[in-house]
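J.: Residue numbers (our numbering), protein chains in the order written: chain A, 1 to 360; chain B, 361 to 720.
Number of protein chains: 2
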Amino acid sequence: MNGAPPTIYDVAAIAGVSIASVSRVLNGTGSPRADTRDRVLRAVAELGFVPDGAARALSVKLKETVGVVYRRVPKANPGGVFAEEDENLQFADIINRGIEVAAQRSGFSLLISSVAAEDADAGRRMLGLARKCDGLIVHDLVLDAGQLDRLGRHLPVVNLAGITTPHTASVRGDSETGMRDLIRHLIRDHGYRTLGYLAGVADSPDNVTRRAVVQAEARAGGAELAGGPGWQGSYYADGGAQVIDGLLGSGRPLPRAIVCANDLAALGALHRLARRGVDVPGEVAVTGFDDIPVARRLRPGLTTVRQPIKELGATAFELLESLVRHGPPEPRDVVLPTRLIRRESCGCTVAAARASRPAD
Amino acid sequence: MNGAPPTIYDVAAIAGVSIASVSRVLNGTGSPRADTRDRVLRAVAELGFVPDGAARALSVKLKETVGVVYRRVPKANPGGVFAEEDENLQFADIINRGIEVAAQRSGFSLLISSVAAEDADAGRRMLGLARKCDGLIVHDLVLDAGQLDRLGRHLPVVNLAGITTPHTASVRGDSETGMRDLIRHLIRDHGYRTLGYLAGVADSPDNVTRRAVVQAEARAGGAELAGGPGWQGSYYADGGAQVIDGLLGSGRPLPRAIVCANDLAALGALHRLARRGVDVPGEVAVTGFDDIPVARRLRPGLTTVRQPIKELGATAFELLESLVRHGPPEPRDVVLPTRLIRRESCGCTVAAARASRPAD
DNA sequence: CTGAAAGCGCTTACAG
DNA sequence: CTGAAAGCGCTTACAG
Chain A
1 MNGAPPTIYD VAAIAGVSIA SVSRVLNGTG SPRADTRDRV LRAVAELGFV
51 PDGAARALSV KLKETVGVVY RRVPKANPGG VFAEEDENLQ FADIINRGIE
101 VAAQRSGFSL LISSVAAEDA DAGRRMLGLA RKCDGLIVHD LVLDAGQLDR
151 LGRHLPVVNL AGITTPHTAS VRGDSETGMR DLIRHLIRDH GYRTLGYLAG
201 VADSPDNVTR RAVVQAEARA GGAELAGGPG WQGSYYADGG AQVIDGLLGS
251 GRPLPRAIVC ANDLAALGAL HRLARRGVDV PGEVAVTGFD DIPVARRLRP
301 GLTTVRQPIK ELGATAFELL ESLVRHGPPE PRDVVLPTRL IRRESCGCTV
351 AAARASRPAD
Chain B
361 MNGAPPTIYD VAAIAGVSIA SVSRVLNGTG SPRADTRDRV LRAVAELGFV
411 PDGAARALSV KLKETVGVVY RRVPKANPGG VFAEEDENLQ FADIINRGIE
461 VAAQRSGFSL LISSVAAEDA DAGRRMLGLA RKCDGLIVHD LVLDAGQLDR
511 LGRHLPVVNL AGITTPHTAS VRGDSETGMR DLIRHLIRDH GYRTLGYLAG
561 VADSPDNVTR RAVVQAEARA GGAELAGGPG WQGSYYADGG AQVIDGLLGS
611 GRPLPRAIVC ANDLAALGAL HRLARRGVDV PGEVAVTGFD DIPVARRLRP
661 GLTTVRQPIK ELGATAFELL ESLVRHGPPE PRDVVLPTRL IRRESCGCTV
711 AAARASRPAD
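#1: Output, in chain order, the set of chain B residues within a Cβ distance shorter than 8 Å of residue 65 (chain A).
#2: Rounded to whole angstroms, how far is the Cβ of residue 156 (chain A) from the Cβ of residue 320 (chain A), which I believe are closer than 8 Å?
#3: Below 9 Å between beta carbons is the criterion; list the residues of the segment 324-350 of chain A that meet it against any residue of chain B, in chain order.
#4: Within 8 Å, do at least three Cβ pairs link the segment 700-720 of chain B to the segment 519-527 of chain B?
#5: Identify, in the order they occur along the chain, each residue of the same chain with its Cβ nearer than 7 Å to the Cβ of residue 562 (chain B), setting aside the five sequence neighbours on each side.
#6: For residue 475 (chain B) versus residue 540 (chain B), is the C-beta spacing smaller than 8 Å?
#7: Excluding the 5 residues flanking residue 1 (chain A) on each side, which residues of the same chain have their C-beta closer than 6 Å to its C-beta?
#8: Are the C-beta of residue 87 (chain A) and some C-beta of chain B separated by less than 8 Å?
#9: How long is the line joining the alpha carbons of residue 18 (chain A) and residue 59 (chain A), rounded to whole angstroms?
#10: Please return the same chain residues whose Cβ sits closer than 7 Å to the Cβ of residue 636 (chain B), not counting the five positions on each side in sequence.
#11: Report yes or no: is there a C-beta of chain A within less than 8 Å of the C-beta of residue 598 (chain B)?
#12: Can you check the segment 573-645 of chain B for any beta strand (DSSP E) of at least 3 residues that lies completely inside it and give the ranges in chain order?
#13: Considering only DSSP beta bridges, list what residue 663 (chain B) is partnered with.
#14: Would the segment 645-652 of chain B count as touching the segment 465-472 of chain B if we require 3 or more Cβ pairs under 8 Å?
#15: First and last residue of the beta strand (DSSP E) that includes residue 394 (chain B)?
#16: In whole angstroms, what is the alpha-carbon distance linking residue 422 (chain B) and residue 494 (chain B)?
#17: Output yes if chain B places a C-beta closer than 8 Å to the C-beta of residue 50 (chain A); else output no.
#18: Looking at the C-beta of residue 294 (chain A), does it have a partner C-beta in chain B at a distance below 8 Å?
#19: Specify whether the segment 295-309 of chain A and the segment 234-254 of chain A touch according to this definition: at least 3 beta carbon pairs, one from each stretch, less than 8 Å apart.
#20: Can you confirm whether the segment 234-248 of chain A touches the segment 265-273 of chain A when touching is taken to mean that 3 or more C-beta pairs between the two stretches lie within less than 8 Å?
#21: DSSP on residue 443 (chain B), reduced to helix/strand/coil?
#22: Roughly how many angstroms separate the alpha carbons of residue 192 (chain A) and residue 173 (chain A), rounded to a whole number?
#23: So the candidates are B:392, B:402 and B:470; which of them puts its Cα closest to the Cα of residue 373 (chain B)?
#24: On the CB-based measure, 16 or more other CB atoms within 10 Å of its CB, does residue 589 (chain B) come out buried or exposed?
#25: Compute the distance between the beta-carbons of residue 36 (chain A) and residue 21 (chain A), then report whether it is under 8 Å.
#26: What span of residues does the alpha helix (DSSP H) with residue 675 (chain B) cover, start to end?
#27: Can you check which of these residues, A:244, A:241 and A:196, is closest to residue 223 (chain A) by C-alpha distance?
#28: Whose C-beta lies closer than 8 Å to the C-beta of residue 154 (chain A) among residues of the same chain, with five residues either side of it excluded?
#29: Using a Cβ-Cβ cut-off of 6 Å (strictly less than) and excluding sequence neighbours within five positions of residue 368 (chain B), which residues of its own chain qualify?
#30: Can you tell me where the beta strand (DSSP E) holding residue 547 (chain B) begins and where it ends?
#31: Below 8 Å between beta carbons: does that hold for residue 50 (chain A) and residue 40 (chain A)?
#32: Please list, in chain order, the chain A residues whose beta carbon lies closer than 7 Å to that of residue 414 (chain B).
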């Protein structure tokens, strides 16, 4: 940290060669003589030279950096049981790890930026990010289809919301199959005749899809599906807890099984049911979606649909890299498989649940 | 995404002004005439112009980007109960969020990079990172004191390992006070006479400190402290579980309380004790350190020491920014307060535990 | 207030 | 194989 960091000119001077030669040996281009190579490498070591990324990026028109935007959770109820927001971000964190590992394989770095849900100038923050990277990966619940597409006209964008637009690519988990298998398990294997769908953010594509599948499968299986505004959650634990409070307060009986839009909603529901003395799964079964790590730590263990979380991230990066390097990949919209994970919250015994799934 | 993105020259041409003027209105420097301002802004909007970050960085010699390096977890035992590594990274993820929020306030972006524990060319990866940012924040367990200091001679570095070196700054939680309060609680309030310290990575500064405090407080309180190689864990759940297996296999009685180096080790220990039918806290008490979100979801709720995780990250950023902008801050090595969080795994009743801590 | 021009630190045709 | 030079897209003294 003494003075300005050395530049390629300093290296060239010490090595007694031109900056072009320094650049070549450092990048492994051309075929420098062994002697040249040695002198450059020695000078580099002596100075502790590290080439400046900005200068290189400017020159090659590639920053080898991908921006990731995810949604920070709205402030939970002050004093609520779930004031701790960080648990809520597990899903995003694991996706980001998937992106990062894939990016690292390609020599790209990850520029991470969260936007608060209430953040008015989220748009500006995203532009600030955009100038520093080659393309953007945008998580669910950050931008709507219109905003995404507009952004996609300016730079490569892939969204993790499963939104298909003309100028972006997308990745999502297969909600249809996962949810279908789950509902059939509840109706056929457990014989439940009444269900409720504890919804996520109303207009999120995943929520729309999952609700539709629950409806269709309930009808096909001859089960009754409770609904209405009282079932509107938020994808977060607080929302799940509030729905349970409302349901219990309404005086109407609970359905036999509550199908939550995701694991966090289920976590909130489970917590509140336990506190109000409702036995899960004895009186009411509860299920989630995602299979975030905490799902297996809950008591009872949470029956859910596993998404390939890390792979969602890795795939998003691969789509983006392709977009950056060669333009729109084929296919532009990718759906990754999901699978039912039976634990105990659906009513399965420990033994049955364990036998049905891989060790965890 | 049609053709090359617009540059400041394009904007200037459309607006009918010089690129200097465009630069000025975009950066709010000088005092451009209202007319000039309008024309520039109109042209910017028309083109969807976003200034290139690399060019700006090269020019002003500031990337407004901070690199963060954290340690990816070694592969867990294949087929082990804790094959899922992501839970292990909660602590790092929350720190990173703290960094990010603080960085955002200063207009900095976060460049995230993990290194695998076994990764041979971690050094190279870190240099790759270094060229893209103004300084580095290095998590615990990534580099040793010598490596950190060497790195710190080339660019601003702050470490989250609590390691004090001549050329880096550091942040850590106050392990001394937190651990002292915890041990006193176990000995005085619960009357436990035998303890064991389930260690973390042997040469990690935090582990060294925590072990020393446990020893000192046990001695002072007249309690017996079990030790030996059988107590060596890893900071991860797997390590905690293995220590329990070894202990149970040895045939010797367990101490009345097992003090774990961190929450993850406690999680592993708790899991294994439950599986082997040992009652916690009835037969043996178990405690953690950190208070990661899952701690409150465990049954029994985990008694632990809360670290201000996000603040650790935010403080690390603030130190780094100061290092980047003005050179070494004062003080260069910061210690943040911790506090005992009583739940049930230490033997407290739900009521007593709840009364002793803030709602959660 | 505004513009012409130099400079930031690299990479890469182009000659030799 | 190697070097001189142009160029990447900005910012910022310096004149005017």
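We put the beta carbon where it would ideally sit given N, CA and C, even for glycine.
T.: With the given structure in hand:
#1: As a first step, residue 65 (chain A) must be located in the first sequence, where it is residue number 65. Neighbours of residue 65 (chain A) on chain B, chain order: 471 and 492.
#2: As a first step, residue 156 (chain A) must be located in the first sequence, where it is residue number 156. As a first step, residue 320 (chain A) must be located in the first sequence, where it is residue number 320. Confirmed, Cβ separation roughly 6 Å.
#3: 327 and 328
#4: no
#5: Locating residue 562 (chain B) in the second sequence gives position 202, counting from the first residue. Counting only Cβ-Cβ distances below 7 Å, and skipping sequence neighbours, we find 592.
#6: By one-based count along the second sequence, residue 475 (chain B) stands at place 115. By one-based count along the second sequence, residue 540 (chain B) stands at place 180. Taking 8 Å as the Cβ cut-off, residue 475 (chain B) and residue 540 (chain B) do not qualify as a contacting pair.
#7: Residue 1 (chain A) sits at position 1 when you count from the first residue of the first sequence. Its pLDDT being 48, under 50, residue 1 (chain A) is placed unreliably in this model, and the value from its coordinates should be taken loosely. Answer for residue 1 (chain A): no residue qualifies.
#8: Translated into positions along the first sequence, residue 87 (chain A) becomes position 87. Yes, because at least one Cβ of chain B sits closer than 8 Å to the Cβ of residue 87 (chain A).
#9: The sequence position of residue 18 (chain A) within the first sequence is 18, counting from 1. The sequence position of residue 59 (chain A) within the first sequence is 59, counting from 1. When rounded, the distance between both Cα atoms is 18 Å.
#10: Here residue 636 (chain B) is taken as the residue at index 276 of the second sequence, counted from 1. Cβ neighbours of residue 636 (chain B) beyond the five flanking positions: 608.
#11: In the second sequence, counting from the first residue as 1, residue 598 (chain B) sits at position 238. No, residue 598 (chain B) lies away from the interface with chain A (no Cβ there is under 8 Å from its Cβ).
#12: 584-586 and 617-620
#13: Within the second sequence, residue 663 (chain B) is the residue found at index 303, counting from 1. In the DSSP output, where bridge partners are listed per residue, residue 663 (chain B) has B:647.
#14: no
#15: Residue numbering aside, residue 394 (chain B) sits at position 34 when the second sequence is read from its first letter. Not the beta strand (DSSP E): residue 394 (chain B) falls in the alpha helix (DSSP H), residues 394-407.
#16: Mapped onto the second sequence, residue 422 (chain B) falls at position 62. Mapped onto the second sequence, residue 494 (chain B) falls at position 134. Each residue's Cα considered, the two are about 7 Å apart.
#17: As a first step, residue 50 (chain A) must be located in the first sequence, where it is residue number 50. Output row for residue 50 (chain A): interface = yes.
#18: Taking the first residue of the first sequence as position 1, residue 294 (chain A) is located at position 294. Taking Cβ atoms only, chain B reaches closer than 8 Å to residue 294 (chain A), which makes this a yes.
#19: no
#20: yes
#21: The residue you call residue 443 (chain B) lines up with position 83 of the second sequence. Residue placement at residue 443 (chain B) is poorly supported in this model, since its pLDDT is 49, which falls under 50; the coordinates are not used for a value here.
#22: Residue 192 (chain A) sits at position 192 when you count from the first residue of the first sequence. Residue 173 (chain A) sits at position 173 when you count from the first residue of the first sequence. Residue 192 (chain A) and residue 173 (chain A): Cα-Cα distance of roughly 26 Å.
#23: Against the second sequence, residue 373 (chain B) aligns to sequence position 13. Checking every option, the nearest Cα to that of residue 373 (chain B) belongs to B:402.
#24: Here residue 589 (chain B) refers to the residue found at position 229 when the second sequence is read from its first residue. Residue 589 (chain B) comes out exposed.
#25: Residue mapping note: residue 36 (chain A) aligns to position 36 of the first sequence, counting from 1. Residue mapping note: residue 21 (chain A) aligns to position 21 of the first sequence, counting from 1. Yes; because the gap between Cβ atoms is below 8 Å, this pair is in contact.
#26: Stepping through the second sequence from its first residue, residue 675 (chain B) is reached at position 315. Where residue 675 (chain B) is concerned, the enclosing alpha helix (DSSP H) stretches over 669-686.
#27: On the first sequence, residue 223 (chain A) is found 223 positions in, with the first residue counted as 1. Comparing Cα-Cα distances from residue 223 (chain A) to each of A:244, A:241 and A:196, the minimum goes to A:196.
#28: The residue you call residue 154 (chain A) lines up with position 154 of the first sequence. For residue 154 (chain A), where only same-chain residues beyond five positions count, the Cβ hits under 8 Å are 130.
#29: In the second sequence, residue 368 (chain B) corresponds to position 8, counting from 1. Only 379 and 382 meet the Cβ criterion.
#30: For this step, residue 547 (chain B) is matched to residue 187 along the second sequence. Note, residue 547 (chain B): premise wrong, no beta strand (DSSP E); not H, not E.
#31: The count along the first sequence starts at 1 and reaches residue 50 (chain A) at position 50. The count along the first sequence starts at 1 and reaches residue 40 (chain A) at position 40. No, they are not a contact pair.
#32: Looking up residue 414 (chain B) in the second sequence gives position 54. Neighbours of residue 414 (chain B) on chain A, chain order: 54, 57, 58 and 63.
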